[in-house]
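To start, the structure under review is shown below, and the notes come after it.
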Amino acid sequence: MICKKIKNPFIVLCILFFLNFLSCPRTEASRAEFALGTVCSITLFEQGQSDIYREIFNRLREIENRMSVNIPSSDISRVNAAAGIEPVKVHEDVFRVLERSVHFARLSDGAFDPSVGPVVSLWGIGKDNQRVPAQPEIDEVLPLVNWRDIELDARSGSVFLGKVGMALDLGSIAKGYAADEAAAIIKRAGIKRAIVDLGGNIVVCGEKKDKSPWKVGLQNPGGKRGEYAGIIMANEKTVVTSGVYERYFEQDGFRYHHIFSPSRGYPADTGILSATIITANSMDADALSTAVFVLGCEKGLSLIKSIPETEAVLIMEDKSIIATSAADFILTDKTFYYKK
Ligand code: ADP
Ligand code: MG
1 MICKKIKNPF IVLCILFFLN FLSCPRTEAS RAEFALGTVC SITLFEQGQS
51 DIYREIFNRL REIENRMSVN IPSSDISRVN AAAGIEPVKV HEDVFRVLER
101 SVHFARLSDG AFDPSVGPVV SLWGIGKDNQ RVPAQPEIDE VLPLVNWRDI
151 ELDARSGSVF LGKVGMALDL GSIAKGYAAD EAAAIIKRAG IKRAIVDLGG
201 NIVVCGEKKD KSPWKVGLQN PGGKRGEYAG IIMANEKTVV TSGVYERYFE
251 QDGFRYHHIF SPSRGYPADT GILSATIITA NSMDADALST AVFVLGCEKG
301 LSLIKSIPET EAVLIMEDKS IIATSAADFI LTDKTFYYKK
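If you use my numbering, the sequence shown corresponds to residues 1 to 340, in order.
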């Protein structure tokens, strides 16, 4: 009846179809956006609704806004500005990450140290002012790097840095925390299969339809991006790598990368090209990948062996790949050799 009064029912149908399309949650296979200083890509299988993607990316930005040293209003920037002066109340997210950071600093005997900020700023790796500082400059900032001078007060949720000039840097743990938070949103939404990839901090959620494990490529440190040395098999796990190839500059034939020995104030030089951790919690894996990279092969592997349900795969300068016994790793690039 209505159609009789309307000149062109086909147009009405088209409009209705379009309105319906707008109001329905749309599905998209994957979404990639820049956040936390890297390309973050989320792949939701089967239920890729836009609103879930939006919720995840909003959460990633919220974490970045609280933890980035490059955002002057972030909690971390405020704590740094008040170093040696007064405690600063921080958001629960930040407090949680700092507590875990101090835990791993203690466990790694300071190889992982969230107070490495003054060394990071001095070298400026990846920034316009990147350079090799003179030894006296390094010597000047080294006394400012000490996780024991970070005072966390759980009752007030505040953080105090004991010395003027101290600075926190959560660059080696914040992405892990963010990846866990993204995975939690996915789980709460009832999504059965998904991949979270925050610039190489990977969480695989659920299992594939055919029940076979997810395959995560292990970057060849000397190859182009996406060129793999091997494959790590994982289910309901996170796979996190710290490597020399992520951020660096070269000068006089040397490569200066962004993972520092907090005791020397120089890029860590332990013969490791990349350290990958496979475990359940991405924040832990992120801290541990940095810790193992700085500790070196022997001490790093003994640290990993002391932590339950945690595996490591190390790619060494001499082309050997060394893994802990339960790591599910397959070598694909035969220019490397694999020792378990
Ligand atoms: P990526 O950022 O490439 O994932 P990492 O997780 O190892 O690699 O983090 C490296 C970042 O962590 C550096 O850019 C710096 O901000 C910070 N950092 C460098 N050395 C250390 C260290 N020894 N302990 C804690 N954080 C560090
Ligand atoms: Mg890390």
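Beta carbons are placed, not taken as given, at the ideal position from N, Cα and C, and that holds for glycine.
Item	Value
Of the listed residues Tyr256, Asp269, Ala291 and Asn80, nearest to Arg131 (C-alpha basis)	Tyr256
Distance between Ile173 and Asn58 (C-alpha atoms, nearest Å)	19 Å
Exposed unless 16 or more other CB atoms sit within 10 angstroms - verdict on Pro308	exposed
Cα-Cα separation between Phe21 and Gly217, rounded to whole angstroms	Because Phe21 carries a pLDDT of 42, less than 50, the predicted location of this residue cannot be relied on, and the following value inherits that uncertainty. Going by the C-alpha atoms only, they are around 37 Å apart.
According to DSSP, residues forming a beta bridge with Trp214	Ala234
Beta-carbon spacing of Ile272, Phe249 below 9 Å	no
Neighbour-count burial assignment, Phe254, 16 or more Cβ in a 10 Å radius	exposed
Terminal residues of the beta strand (DSSP E) in which Asp347 lies	In this structure the chain extends from 1 to 340, so residue 347 is not present and cannot be described.
Where Leu22 sits in the DSSP three-state scheme	With a pLDDT of only 46 at Leu22, under the threshold of 50, the placement of this residue in the model should not be trusted, and no figure is reported.
Local Cβ density within 10 Å of Pro114, reported as buried at 16 or more and exposed below that	buried
In DSSP terms, what Ile161 is bridged to	Residue 161 is actually Leu in this sequence, not Ile. DSSP, once it has assigned bridges, lists Ile150 as partnering Leu161.
The region 199-216 touching the region 308-322, judged by at least three CB pairs closer than 8 Å	no
Contacting residues, own chain, Cβ-Cβ under 6 Å from Thr310 (five flanking each side not counted)	Thr279 and Ile304
For Val69 and Ile76, believed in contact at Cβ under 8 Å, the rounded distance	6 Å
C-alpha distance - Asp93 paired with Gly300, whole-angstrom precision	28 Å
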